[in-house]
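A.B. asks: If you scroll down you'll find the structure; I have some questions about it.
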Amino acid sequence: MEPFDYLSPSSIEEAVKTLASKGDQARIMAGGTDMLVQMRAGRRTAPLVVDIKEIPDLNVVSYDATNGLTLGAAVPCYKIYQDETLSAAYPGLMDAASLIGGIQIQGRATIGGNICNAAPSGDSIPVVIALGGVCNIAGPNGTRQLPVEEMCTAPGRNALADGEILVSVSIPAPQAKSGASYLRFIPRNEMDIAVVGVGSSVQLDASGQNFVSARISLASVAPTPVFAKEAGDSLAGKPVNEETIQAASELAQAAAKPISDMRGTIRQRTHLVGVLTRRTLNIAIERARGG
Amino acid sequence: MAGVTQVQTTLNGEVINFLCEPRQSLLECLRDVLGMTGTKEGCNDGNCGACTVIMDGRIVDSCLVLGVEAEGKDITTIEGMATPEGLHPLQQSFLENAALQCGICTPGFLLASKGLLDQEPDADEGRIRHWLAGNLCRCTGYDKIVRAVLQVSKAK
Amino acid sequence: MTSNQVLSEVEYNVVGTRPVRPDGVDKVTGRARYGDDTNLTGTLQAKVLRSPHPHARVKSIDTSKAEAFPGVRAVITAKDLPFASLSKEELGGDYTALKFATDHMMASDKVLFKGHPIAAIAAVNGHVAQSAMDLIEVEYEVLESVVDVREAMKPGAALLHEDLRTNDMGETADTPSNISTHMSYATGDLEKGFAEADLVMEKEYTTATVHQGYIEPHNTTAFWNSDGQLNLWTSTQGSFQVRATVSNILRLPVSQIKVTPMEIGGGFGGKITAYLDAICAVLSKKTGSPVKAIMTRTEVFEASGPAPASWMRVKIGVKNNGKITAVETEMAMDAGAYPGSPVMQAIVCAFACYDVENGKVDGYDVVVNKPKSAAYRAPGAPQAAFAVESLIDEICGELKIDPIDFRLLNAAKEGTRRIEGLVAKRIGLVECLEAARDHDHYKSKLENGTGRGVACGYWPNRGFQSSVVMTVNYDGVVSLIMGSVDIGGTRASIAQQTAETLGIAYEDVKPTVVDTDSIGYTFITGGSRTAFATGIAAISAAEDVKEQMISRAAKIWDTSEDDIEFVAGMISHKSDEELRLSFKDLARQTATTGGSITGRSSVDPSGEGNGHAVHIADVSVDQETGKTDVTRFTAIQDAGKAVHPSYVEGQMQGGAVQGIGWALNEEYFFDDTGKMLNSSFLDYRMPTSLDLPMIDTVIVEVANPGHPYGVRGVGEAAICPPMAAVANAVTSATGNRMRSLPITPGKILEAGWDSVKS
Amino acid sequence: MATIFIPTMLQKLTSGIKKLELDASNVRQVVDRLDEMYPGIKDRLVEDDEIRESLAVAIDGDVAIMGMLTKVGENSEVHFVPAIGGGF
């Protein structure tokens, strides 16, 4: 690896100041599980690595049933799924947090880092989009919010401007009769990059028989994670049945623009979007009815 | 050119100081700086688990941790698993169950298994298989490793 | 239900027990010294610059900027290897072989695969060496590459070696070709055999390039003493093999090289070729310092020796009752950049499980722009078994015959003459098939959506040279010194055979693996030979000890050696019951009866005894995603006599799981030009613990007459059946026949879509 | 008399004869006698006075360890088979 300087700021202000002054000479590191691999392989260089894990605001995990969840960008996956309150409130998020890498990776990797790394296959991104997640960003000009679906702009590129840092992700509080789920397809059972990933969330009516709303998002089928808005919207007001779910899955397939590569062909990926959309919707519905 | 940083960390229960460059991984620091070669390199990109250590109670791949990040942390490596009184029950179980062949993945598996049983002393086969999926072994087919961990687990 | 059974015929005191391995404590405490744990004062780190192109001419290399980089101590290219200054005339018939061997280590005029070494740097640390690599300027003329084995065989294909001509058993073709060797064997009357058949089936099969996947990357430390002695500490399956390679490439007498084999972190055949040793040696000579190198995982994938991709056509004729009347196969395997795929092993093993009257096998060794292939556990045989055992399953389906009954009907047994002509000695295939048939797994009911497959496999096993020395300490403990590198527990299994022969406790034998200066020539740990051949060396050295002990007792008792017997660790006078000494008692007296006792033996045994395995696989297939999960797996194998049953089970389980990986997910992805796209454990998908069930085992013991305790090698036969067993199970679950490995979810989906179409 | 099995690929040199018997006490004699009967066959089996690297000679099913010097018994079977040699 090329040599670099290392800085571990203890406040957002310090981090932003450094990032703003160094421009593209600095890179933010959270868990490091993607970045160190990329740097070692020479795919990314950074004369200055800014480790954000010691900033208290970025380690916040705050949840209440009104305001929902604020998840600091430096919170490793295991802290999410080991939190019993969060596990109960966001089982869909747990699906993703507990399958990124192996247990070792989950000890380091963060949802914030996963979003900022902006891989098309980022496992946590679809479900956070499906849950209506919003990025809280701090920068030289103050703070701003951006829906998660607008964060990834190209493979490996995110919407952060120079000097900006992702502080946390906010996820609305789960409503009654709501549920979410994330599934990815990989040839093994762990440790793979998603061939296709689908995150779905649903809000059912009091009877549990009709959709109030739904959000569906896809991984590994385009240069960035895809928010399949039409697919989710198609379910609003519709009864929960095979036909409506099938129709949504077909709209999700239409939203997918996959390529053929070593991990899968266009046909396989498109097919899997359909399968996983149906499966995640069904799990989300189960969870909505149960919770 | 980046300089050298002094890092203070607790390693196997002892507070130590070492010098490293920021670009050096914890794995490199353990092996090359501190001469503690029990932690093994298999892939250097977080996919084999051979370099697993326990950091502040969690298992991590030491190839994906910078040495400088060890500042103020509590780290356990394979060298810290046995005590003067004897082997850790997992070490003993690995021996008795022939859970190693070439042995290169063994330190990583032992630390990962310890990380599991420290927090879930009654892990069952399914849980063990899931937990150890970040550790590759190419010799054993995992059967005897899983049995060795199961023998120490309180799940029966 | 017992998950691990041993069907024992003969019981011994130590052989057949399960003691803790001698190297165990070091390995569970992190104290065992592997190659990369070598750390001599002042060691420099080496990095190898590798070709980014699969096929290119090297027009120029400029290393001057790298040499000037702070911290760099030396840079070498092929010009620094002796071959560069040797002439064709000097080398004569050895020219091509030495050119291939040297060029493989470091390319001179052409690069033939992505990852081909082109230069190497020694620097104060690895980071510096890495940075300096970017400063080496290489000008390439990129050439058309050829990746697929069948494309490479076509006339007009891009040629790797302009002067390579097909060798047809000693006859060389007139025109150059990528086919380096063709070999063919036949028996009986093929036409007549197929004419007699009620059913003839013929199918084609392919397998992908796969890697052994050992977890420890290749590594070496070299130090060239100022007295001209070269020392190497390395991770290898054969220290003497490394010595021979380095001696050949550096044109040094073998006695000038000392190779110390460190603990080895897996090999499976992939750690026989010495990739880094000569490079580090030259760098050490140039710098005067120790030089160490360790490959990155990407280098291991791209530039060590994977197992070849293959194309195979198999044709089998059978009577309606299942009796085979004729078999035929053509197999082509890619050797990678230089000749030497295991296709000849493949054709010999292909039908070895069957009693075949009429048969013909043809093998083609083909060079392509990939890393030179190396051995991988029963090299060649797993691919062949996949093809043959798949077709047999298909035939069983057509004829509605139970696949084990079919195999029992046709099974090779003692006296069966194989296609290449050799006659099987006492083998245990029938016993393995019977154990499979009677196993509770085979009798269990299948659940919906699951499938079951069976397959068998054969590996001849090997003998070759081994040396052992043992000394009897005054306390009766025996120091056992051997040259066989221990990968999977052979220190234990050789110590057990020693203890058994001497009639002493396992704990009283202390085994050590030593360097090439300290023991006689010993062939690699591979070929499933070590427990057998080094075992025989140990038994014979122990017999030597026994004779000397008898002679000491004769001195003490002032009697003739003929009056003394050595039975079960007791040395006794045949007719005087009073005169008895235990091994330990006599050991104590060796100091005063002529000094220490040393037993020694160097052997080159034949009689290795062929290995057979039968596997049963259950899988469930998610029909919507194409994902296959192995839900139950039983491995059955004839071990002759399992010296240490736990390690035999470990070999069976490990082989089965490597085979499951080969069957389902493992493959090199290449782009059109031969660049590997998945050179990491993330995308080269080896099975994890979560992908597998427990692997049940049955050790069948049909004693090998060629070994005093009946031992057969067990390391390799275990990887032959799983691919076909899994493929046959997938067919049973989905109705679709998969003839191309790996059987990925994508292929299963495609097959499903195709079957709907047709 | 030992029985010599002619490798399939060399049977065109022996006019299709697949095996034959001859008197020989070691492998070198086998090869020399064969070459007397079928000129050129030795070159196909032997290189630099050793069995070709790609081949092995087996006496009664056991791969010979002494190459050309290996003894051939009165009633031995001699085969030239692919070398499954070093390399695993």
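Chains as they are written, first to last, in my numbering: chain S, 389 to 679; chain X, 52 to 207; chain F, 2 to 759; chain P, 2 to 89. Idealized CB from N, CA, C, for every residue including glycine.
(1) In angstroms with no decimal places, state the Cα-to-Cα distance between residue 408(S) and residue 528(S).
(2) Please list the partners that residue 449(S) has in chain X, where partner means a Cβ-to-Cβ separation under 8 Å.
(3) Under the three-state reduction of DSSP, which class applies to residue 19(F): helix, strand or coil?
(4) Excluding the 5 residues flanking residue 187(F) on each side, which residues of the same chain have their C-beta closer than 6 Å to its C-beta?
(5) Using a Cβ cut-off of 8 Å, pull out every chain S residue sitting near residue 745(F), in sequence order please.
(6) For residue 625(F) and chain S, any beta-carbon pair shorter than 7 Å?
(7) Using the beta-carbon of each residue, which ones in chain P are nearer than 8 Å to residue 13(F)?
(8) Go through its chain and collect everything with a Cβ distance to residue 87(X)'s Cβ below 7 Å, but skip five positions before and after it.
(9) So which residues of chain S does residue 96(X) contact, with C-beta pairs closer than 9 Å?
(10) Please state if the CB of residue 389(S) and the CB of residue 427(S) are separated by a distance shorter than 7 Å.
(11) Tell me, please, whether the region 646-659 of chain F touches the region 180-196 of chain X by the rule of three or more beta-carbon pairs shorter than 8 Å.
(12) Note the first and the last residue of the continuous beta strand (DSSP E) segment covering residue 168(F).
(13) Please compile the residues from chain X whose C-beta is within a distance smaller than 8 Å of the C-beta of residue 578(S).
(14) In the DSSP output, which residue or residues are listed as bridge partners for residue 58(X)?
(15) Along the chain, which unbroken stretches of the alpha helix (DSSP H) at least 4 residues long are found entirely within the region 140-227 of chain F?
(16) Straight-line CA distance for residue 319(F) to residue 185(F)?
(17) Taking the straight line between their C-alpha atoms, what separation do you get for residue 329(F) and residue 355(F)?
(18) When you compare the region 434-444 of chain S with the region 567-587 of chain S, are there three or more beta-carbon pairs, one atom per stretch, that lie closer than 8 Å?
(19) How is residue 88(P) classed by DSSP in three states: helix, strand or coil?
(20) How would you label residue 72(X), buried or exposed, when you count the other beta carbons within 10 angstroms and need 16 or more for buried?
(21) Excluding the 5 residues preceding and the 5 following residue 496(F) in the sequence, name in chain order all residues of the same chain whose CB lies nearer than 7 Å to its CB.
(22) Leaving aside the five residues before and after residue 81(P) along the sequence, list all residues of the same chain whose C-beta is less than 7 Å from its C-beta, in chain order.
(23) How many Å lie between residue 37(F) and residue 233(F) at the Cα?
(24) Taking buried to mean at least 16 other C-beta atoms within 10 Å of its own C-beta, is residue 76(P) buried or exposed?
(25) With a CB to CB cut of under 7 Å and the five nearest residues on each side skipped, what residues in its chain are close to residue 667(F)?
(26) Using a Cβ-Cβ distance under 7 Å, would residue 130(X) count as near chain F?
(27) Just to make sure I have the definition right: I need the residues of chain F whose C-beta is within less than 7 Å of the C-beta of residue 9(P). Which are they?
(28) What residues are listed by DSSP as bridge partners for residue 362(F)?
(29) Leaving out five residues before and five after residue 695(F) in sequence, what residues of the same chain have Cβ atoms less than 7 Å from its Cβ?
(30) How is the alpha helix (DSSP H) around residue 168(X) delimited, first residue to last?
(31) Taking only the alpha-carbon atoms, compute the straight-line gap between residue 89(P) and residue 327(F) and give it to the nearest angstrom.
(32) According to DSSP, residue 264(F) sits in a beta bridge with which residue or residues?
(33) For residue 176(F), does the count of other Cβ atoms within 10 angstroms reach 16, so buried, or fall short, so exposed?
(34) Can you give me the Cβ contacts of residue 74(P) inside the same chain, cut-off strictly under 8 Å, excluding the 5 residues immediately before and after it?
(35) Quick check: is the beta carbon of residue 689(F) nearer than 7 Å to any beta carbon in chain S?
(36) Between residue 645(F) and the rest of its own chain, which residues show a CB-CB distance below 7 Å, the 5 nearest in sequence each way excluded?
C.D. replies: By the coordinates alone:
(1) As a working mapping, residue 408(S) is identified with position 20 in the first sequence. As a working mapping, residue 528(S) is identified with position 140 in the first sequence. Linking residue 408(S) to residue 528(S) through their CA atoms gives a straight-line distance of about 7 Å.
(2) In the first sequence, counting from the first residue as 1, residue 449(S) sits at position 61. Those do not exist, as residue 449(S) stays about 16 Å from chain X at its closest Cβ, beyond 8 Å.
(3) Taking the first residue of the third sequence as position 1, residue 19(F) is located at position 18. Here residue 19(F) sits in coil by DSSP.
(4) Start at 1 with the first residue of the third sequence, and residue 187(F) comes out as number 186. 361, listed in sequence order.
(5) Your numbering for residue 745(F) matches position 744 in the third sequence. Under the 8 Å cutoff, chain S gives 575.
(6) Here residue 625(F) is taken as the residue at index 624 of the third sequence, counted from 1. At a cut-off of 7 Å between beta-carbon atoms, residue 625(F) makes contact with chain S.
(7) Sequence index remark: in the third sequence, residue 13(F) carries index 12 (1-based). Ordered by position in chain P, no residue passes the 8 Å Cβ test against residue 13(F), which lies about 25 Å from the chain.
(8) Counted from its first residue, the second sequence places residue 87(X) at position 36. Within the same chain, residue 87(X) has close Cβ partners 81, 128, 130.
(9) Locating residue 96(X) in the second sequence gives position 45, counting from the first residue. Those within 9 Å of residue 96(X) in chain S are 424, 425, 428, 429.
(10) Numbered from 1 along the first sequence, position 39 holds the residue referred to as residue 427(S). Numbered from 1 along the first sequence, position 1 holds the residue referred to as residue 389(S). In this structure, residue 427(S) places its C-beta atom within 7 Å of the C-beta atom of residue 389(S).
(11) yes
(12) Taking the third sequence and counting its residues from 1, the one referred to as residue 168(F) is at position 167. Per DSSP, residue 168(F) is one residue of the beta strand (DSSP E) stretching across 166-169.
(13) To locate residue 578(S), count along the first sequence from 1; it is residue 190. Simply 181, 184, 185.
(14) Mapped onto the second sequence, residue 58(X) falls at position 7. Residue 58(X) is bridged to 69(X).
(15) Within the region 140-227 of chain F, the complete alpha helix (DSSP H) runs of at least 4 residues are 150-154, 191-197.
(16) As a working note, residue 319(F) is residue 318 in the third sequence. As a working note, residue 185(F) is residue 184 in the third sequence. So the two alpha carbons sit approximately 22 Å from each other.
(17) Counted from its first residue, the third sequence places residue 329(F) at position 328. Counted from its first residue, the third sequence places residue 355(F) at position 354. In a straight line, the C-alpha of residue 329(F) is about 13 Å away from that of residue 355(F).
(18) Judged by Cβ distances under 8 Å, the region 434-444 of chain S makes no contact with the region 567-587 of chain S, as fewer than three pairs qualify.
(19) Your numbering for residue 88(P) matches position 87 in the fourth sequence. Only weak support exists for where residue 88(P) lies, its pLDDT of 41 falling under 50; the value from the coordinates is given anyway. In this structure, residue 88(P) counts as coil in the three-state DSSP scheme.
(20) Taking the first residue of the second sequence as position 1, residue 72(X) is located at position 21. Per the 10 Å Cβ criterion, buried.
(21) For the purposes of this step, residue 496(F) is taken as the residue at position 495 of the third sequence. These residues qualify, in order along the chain: 23, 481, 507, 510, 512.
(22) Start at 1 with the first residue of the fourth sequence, and residue 81(P) comes out as number 80. The residues are 8, 46, 56, 58.
(23) For the purposes of this step, residue 37(F) is identified with residue 36 of the third sequence, where counting begins at 1. For the purposes of this step, residue 233(F) is identified with residue 232 of the third sequence, where counting begins at 1. About 12 Å.
(24) The residue you call residue 76(P) lines up with position 75 of the fourth sequence. Under this definition residue 76(P) is an exposed residue.
(25) Within the third sequence, residue 667(F) is the residue found at index 666, counting from 1. Excluding positions up to five away in sequence, the list reads 211, 685, 686, 687, 743.
(26) Taking the first residue of the second sequence as 1, we reach residue 130(X) at position 79. Yes, contact with chain F.
(27) Numbered from its first residue, the fourth sequence carries residue 9(P) at position 8. Going along chain F in sequence order, the residues near residue 9(P) (Cβ under 7 Å) are 185, 186, 187.
(28) Counted from its first residue, the third sequence places residue 362(F) at position 361. Note: residue 362(F) sits in a beta bridge opposite 186(F), 330(F).
(29) By one-based count along the third sequence, residue 695(F) stands at place 694. Hits under 7 Å: 4.
(30) Locating residue 168(X) in the second sequence gives position 117, counting from the first residue. That run of the alpha helix (DSSP H) goes 157-170.
(31) For the purposes of this step, residue 89(P) is identified with residue 88 of the fourth sequence, where counting begins at 1. For the purposes of this step, residue 327(F) is identified with residue 326 of the third sequence, where counting begins at 1. A caution first: residue 89(P) carries a pLDDT of 40, below 50, which makes its placement in the model unreliable, though a value can still be read off. In a straight line, the C-alpha of residue 89(P) is about 31 Å away from that of residue 327(F).
(32) In the third sequence, counting from the first residue as 1, residue 264(F) sits at position 263. Answer is 35(F), bridged to residue 264(F).
(33) For the purposes of this step, residue 176(F) is identified with residue 175 of the third sequence, where counting begins at 1. So residue 176(F) ends up on the exposed side.
(34) Here the question's residue 74(P) lines up with position 73 in the fourth sequence. Around residue 74(P): 3, 60, 61.
(35) The residue labelled residue 689(F) in the question sits at position 688 within the third sequence. Yes, residue 689(F) counts as interfacial toward chain S.
(36) Position 644 of the third sequence, counted from the first residue, corresponds to residue 645(F). So the qualifying residues of the chain are 19, 490, 493, 494, 497.
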